[in-house]
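A.B. asks: Under full-length UniProt numbering, read the sequence shown as residues 1 to 228, first letter to last.
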Amino acid sequence: MHAELRTREALGPLGPVEQKNAPDVLYTSGDTSLLTEGSRVAIVGSRKATPVGIKRAQAVTRALVQQGIIVVSGLAEGIDTVAHRTAIDEGGRTIAVLGTPLSKAYPAKNAALLEEIKRDHLVISQFPEGYPGKGENFPRRNRTMALICDATIVIEASEKSGTRHQGWEAIRLGRNLYLLENVATNPNLTWPKQLIEYGAQVLRREDLPDILLDIPNYTAGGVRAFEL
1 MHAELRTREA LGPLGPVEQK NAPDVLYTSG DTSLLTEGSR VAIVGSRKAT PVGIKRAQAV
61 TRALVQQGII VVSGLAEGID TVAHRTAIDE GGRTIAVLGT PLSKAYPAKN AALLEEIKRD
121 HLVISQFPEG YPGKGENFPR RNRTMALICD ATIVIEASEK SGTRHQGWEA IRLGRNLYLL
181 ENVATNPNLT WPKQLIEYGA QVLRREDLPD ILLDIPNYTA GGVRAFEL
């Protein structure tokens with residue numbers, strides 16, 4: 001089902017910081033109840049996913065699904081695709097947040113996945129049909145993805161990865177941000193240290209079960225991060 005919704009209608013009450021950073025309208029296709037029911041966690045990472053990164057994305061996604069948490073990502077190549085695909089294959093629910101209008105898959109090879117998510121899950125975009133493709137669309141998409149989620153988990157990323165935009169938006173909006181230990185300790189990356197200074201947390205394998213159990217305690221509509 002396609003719909004054009006005011007963001008307040010789609011998400012419910014928003015705090016002042018959220019209102020300032022939210023798009024006016026969301027274009028949706030699918031089950032919009034996924035925006036208000038349950039907990040949502042974004043899984044994001046490199047478009048050029050490594051074999052180890054793929055395994056980590058699969059493991060984290062499975063853990064989220066087992067807790068009934070909705071998996072959110074951006075339909076991009078690499079980690080995003082793995083997150084959506086694994087959530088579906090494990091019997092979970094997923095939301096794709098696009099940097100394009102609803103009718104366009106980016107990359108094009110994800111067209112079938114896009115249609116599957118529209119049919120059985122939810123796709124959202126802040127860009128109307130015919131909106132031109134611009135590089136700035138994707139950081140704006142990341143802001144919206146952070147907005148609709150209770151937390152973001154970064155699986156792997158490069159120094160110039162667009163994933164870092166998602167991290168900063170999560171911090172800006174008061175959402176919890178988790179960097180997998182391999183990201184946080186990578187000597188070739190400068191931005192993880194900066195994000196940690198602003199409140200990002202290092203996610204170690206042994207911490208994951210406790211963190212996932214705490215995610216449903218997040219209070220929607222505010223800027224308070226859930227407490228561990």
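Quick reminder that beta carbons are idealized off the backbone N, C-alpha and C, glycines included.
1) Nearest-angstrom Cα distance between Glu-9 and Ala-22?
2) Given 8 Å as the limit, is there contact between the segment 149 to 169 and the segment 177 to 185, that is, 3 or more CB pairs closer than that?
3) Closest by CA to Tyr-131, which one among Lys-104, His-121 and Ala-112?
4) What ranges does the beta strand (DSSP E) occupy inside the segment 81 to 165, keeping only unbroken runs of at least 3 residues that lie completely in it?
5) Rounded to whole angstroms, what is the Cα-Cα separation between Gly-78 and Val-17?
6) Indicate the three-state DSSP secondary structure (helix, strand or coil) for Ser-33 in the structure shown.
7) What three-state label does DSSP hand Ile-69 in the structure shown?
8) Would you list the residues sitting across from Asn-176 in a DSSP beta bridge?
9) Leaving out five residues on either side along the sequence, give the residues of the same chain with a beta carbon under 8 Å from the beta carbon of Pro-101.
C.D. replies: With the structure as the only source:
1) As a first step, residue 9 must be located in the sequence shown, where it is residue number 9. As a first step, residue 22 must be located in the sequence shown, where it is residue number 22. Inter-residue distance for Glu-9 and Ala-22 is about 12 Å (C-alpha atoms, whole angstroms).
2) Counting Cβ pairs under 8 Å, three or more are found: they touch.
3) In the sequence shown, the residue the question calls residue 131 occupies position 131. The residue among Lys-104, His-121 and Ala-112 with its C-alpha nearest the C-alpha of Tyr-131 is Lys-104.
4) DSSP runs (the beta strand (DSSP E)) wholly in the segment 81 to 165: 94 to 98, 122 to 125 and 151 to 154.
5) Walking along the sequence shown from the start, residue 78 turns up at place 78. Walking along the sequence shown from the start, residue 17 turns up at place 17. Straight across, the Cα-Cα distance linking Gly-78 with Val-17 is about 31 Å.
6) Numbered from its first residue, the sequence shown carries residue 33 at position 33. DSSP places Ser-33 in helix when its eight states are reduced to three.
7) Position 69 of the sequence shown, counting from 1, holds the residue named residue 69. Correct three-state label for Ile-69: coil.
8) One-based indexing of the sequence shown puts residue 176 at position 176. For Asn-176, which the question treats as bridged, DSSP gives the partners Ala-151.
9) Against the sequence shown, residue 101 aligns to sequence position 101. Once the five neighbours on either side are set aside, the close Cβ partners of Pro-101 are Tyr-27, Ser-125, Phe-127, Pro-128, Glu-129, Gly-130 and Tyr-131.
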